[in-house]
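>
Numbering (this note's numbering), first residue to last: 1376 to 2044.
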């Protein structure tokens, strides 16, 4: 998810590339993205190829001193695809203007299609013949920048969505039909745990649900190709191509068919799915009720029908379909409009019937600004047809609206730790105490590891500080005293780290033992915060005296000290950060058992649901959390957020001004 921090810069480069295409090709605006996505596919495939190649080569068998050649099966087992030399991005980037780049790209695409039947006729080829040779060279260089070289996860899906929303008809993506935020997909996957059988997404878009399901299986050290089979449906042929490319670039295969899922079940999946994961279009109001009134995928009947004979809102159609696809032990997780959980009329009646099956498992409320192209809040719904008997008449309500990380002015997500903590609540709900305790143990281990890692950074800072101070004609008493205090405090801190490391080796790792050790290590976390203040203060003292001294040639030393300060501070922050994860979990669930937490979670029974008109809106049940004082208010982080906000507003203002100017020119004003 760190990839998101650079997403705006990547977008701008892509937009510049698109402008180049517009000026130098015969393509209409909604056709630009496919040739560009083809190059992104090659770039991403090559990055994954390079990342796994050394591991594969190290394990290749040899006979008579001759090592076996690489095969595509080697790469598929590592979640990548094999690329012949002609299809490797470096080969294409190194072409000169004297070479026929279009033909070289076509040859690269054809070589991949020859190796992978699932991509036959899918990759863009002839589109490149419309592009000028120099333009193609520029595009290849654009997609060879360091940010895209390092791109991982489903960044491909995000970039895919960027092009769709910028170039395609915007009306085709109204009401929720857009790229699903990676954080939400990961949370869905972590809750339903698709580790076997078949995984179906009847509104699969660019295939992000499949990619994250595969990552989940990889994290439990299994091969996705051996454990699950992916089935998808999508109505747009171009989107199907992109989904197949997204699967292929991750070394995956799946059956994705063209279908309008409101009316079709192309995989004949009624009652057969082990897992359903989806982000369907929200609030669609033009589904023909006559065509679906006898559909066996609607076990709870039709939701409301309007005067035009259309279903008033398609949300409950999707939910009914997802429910009906599951087998007797199946789980489903999907994104849904926040309107749906408390909708009235016939939708409320369908919701009641769903709840009364005992298979509605959990609801998670998500705040606004998680979606890339919309600011709407949403909820995650979870079905489980194998709920244990004690949960049959209960639904887990989890309000995660106060859990988020701000990435840019317009994009929020979950940090890996926030995702893990939310998932841990589900573990407690399922009685999986050992996993919860294991996560707390993991955080305590990480706390101590980060503390040990901080030693080198602090020593580096002290060394750089001493190197600057000896160059000054005079150092005031306050700075001298602060330096000595810092040295002493660092020495004490490092001794404490060593003592805690030793204590951790023999500490009991059950819940009581972890509580005891967390209390013991708390002063270490507090001290790390104090050391940050000391380091920052000493830097300011030293910088001011260096600049006031009038001595020349100190700028380099000041800069080196600042770099050392930042490194030391960032490392020290990690100590308290991981300790705070321990505190967050232990404070809310001290007995490592699920309990109601105001403003966060509540297990709600059938009677309470009935009394609230069968509403499934978490905020209606969990209440409001007591206001907490932020002891770790980070002034620099707040300034960073303000800077992000201001930067975004300035950019929007510039774009609006340019558009207004263009409009005036077109009007001849």
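Positions of the beta carbon are idealized from the N, C-alpha and C atoms, including for glycine.
Evaluate the contact criterion for the region 1777-1784 versus the region 1951-1969: three or more CB pairs, one atom per stretch, below 8 Å.
Cβ pair count under 8 Å is below three, so no.
> Which residues does DSSP pair with residue 1911 in a beta bridge?
DSSP lists no partner for residue 1911.
> From residue 1642 to residue 1579, what distance separates their C-alpha atoms?
The alpha-carbon atoms of residue 1642 and residue 1579 are separated by roughly 13 Å.
> I'd like to confirm the pairing. Which residues does DSSP put opposite residue 1572 in its beta bridges?
DSSP output for residue 1572 lists 1603 as bridge partner(s).
> Comparing alpha-carbon positions, which option in 1905, 2032, 1825 lies nearest residue 1950?
It is 1825.
> Who are the Cβ neighbours of residue 1801 in its own chain at under 6 Å, not counting the five residues just before and after it?
Result list for residue 1801: 1566, in chain order.
> Kindly indicate which three-state DSSP category residue 1782 falls into: helix, strand or coil?
Of the three classes helix, strand and coil, the one that applies to residue 1782 here is coil, per DSSP.
> With DSSP collapsed to three states, give me the class of residue 1845.
Residue 1845: coil per DSSP, three-state reduction.
> To the nearest angstrom, how far is the alpha carbon of residue 1646 from that of residue 1868?
Straight-line Cα distance between these residues: approximately 60 Å.
> Can you have a look at residue 1418 and say buried or exposed, based on whether 16 or more other CB atoms are within 10 angstroms of its CB?
Buried, since its Cβ has 16 or more Cβ neighbours within 10 Å.
> Buried or exposed: residue 1638, going by 16 or more other Cβ atoms within 10 Å of its Cβ?
Burial call: exposed.
> Would you report the Cα separation of residue 1577 and residue 1675, rounded to the nearest angstrom?
Roughly 19 Å between the two C-alpha positions.
> Between which two residues does the beta strand (DSSP E) containing residue 1672 stretch?
Premise fails: residue 1672 is in no beta strand (DSSP E) and is neither H nor E.
> Would you grab the beta carbon distance between residue 1973 and residue 1994 for me? Rounded to a whole angstrom, and I think it's under 8 Å.
Contact flag wrong, Cβ pair sits at about 12 Å.
> When the Cα of residue 1606 is compared with those of 1648, 1595, 1885, which residue comes out closest?
Measuring from the Cα of residue 1606, the nearest candidate turns out to be 1648.
> Quick one: what's got a C-beta closer than 6 Å to residue 1423's C-beta in the same chain, skipping five residues either side?
Around residue 1423: 1455.
> Just list the residues that DSSP pairs residue 1753 with in beta bridges.
Residue 1753 is bridged to 1712, 1741.
> Helix, strand or coil: which one does DSSP assign to residue 1732?
Note: residue 1732 maps to coil in three-state DSSP.
> For the putative contact between residue 1488 and residue 1401, defined by C-beta atoms under 8 Å, what is the C-beta separation to the nearest angstrom?
25 Å between Cβ atoms; not a contact.
> For residue 1696 versus residue 1726, is the C-beta distance shorter than 9 Å?
No, Cβ-Cβ distance for residue 1696 and residue 1726 is not below 9 Å.
> May I have the straight-line CA-CA distance separating residue 2028 from residue 1414, to the nearest angstrom?
Residue 2028 and residue 1414: Cα-Cα distance of roughly 32 Å.
> For residue 1443, collect the residues of the same chain with a Cβ closer than 6 Å to its Cβ; drop the 5 residues on either side in sequence, then sort them by chain order.
1435, 1436, listed in sequence order.
> With DSSP collapsed to three states, give me the class of residue 1627.
The answer is coil: DSSP assigns residue 1627 none of H, G, I, E or B.
> Beta-carbon separation of residue 1857 and residue 1916 under 9 Å?
Yes, they are a contact pair.
> Check each candidate in 1933, 1883, 1873 and name the one with the smallest Cα separation from residue 1840.
For residue 1840, the nearest C-alpha among the options comes from 1933.
> Residues in the same chain with beta-carbon distance under 7 Å from residue 1466, minus the five sequence neighbours each way, listed in chain order, please.
So the list reads 1460, once near-sequence residues are dropped.
> Could you round the C-beta distance between residue 1334 and residue 1872 to whole angstroms and report it? I think they count as a contact, below 8 Å.
Given a span of 1376 to 2044 for the chain in the structure shown, any question on residue 1334 remains unanswerable.
> Using the beta-carbon count (16 or more within 10 Å), is residue 2001 buried or exposed?
Burial call: exposed.
> May I have the straight-line CA-CA distance separating residue 1483 from residue 1619, to the nearest angstrom?
In a straight line, the C-alpha of residue 1483 is about 17 Å away from that of residue 1619.
> For my contact list, residue 1654 and residue 1710 are in at a C-beta cut-off of 8 Å; report their separation, rounded to the angstrom.
Sure, about 4 Å apart at Cβ, within 8 Å.
> Quick check on DSSP: helix, strand or coil for residue 1706?
It is a strand residue.
> Are the beta-carbon atoms of residue 1835 and residue 1939 separated by less than 9 Å?
Contact flag set, yes.
> Taking the alpha helix (DSSP H) that residue 1697 belongs to, which residues open and close that run?
Segment 1690-1700, the alpha helix (DSSP H) holding residue 1697.
> The alpha helix (DSSP H) with residue 1864 in it runs from where to where?
That run of the alpha helix (DSSP H) goes 1852-1881.
> Buried or exposed for residue 1446, please, with buried defined as at least 16 other CB atoms from any protein chain shown within 10 angstroms of its CB.
Answer is exposed; the Cβ neighbour count stays below 16.
> Buried or exposed: residue 1516, going by 16 or more other Cβ atoms within 10 Å of its Cβ?
Burial call: exposed.
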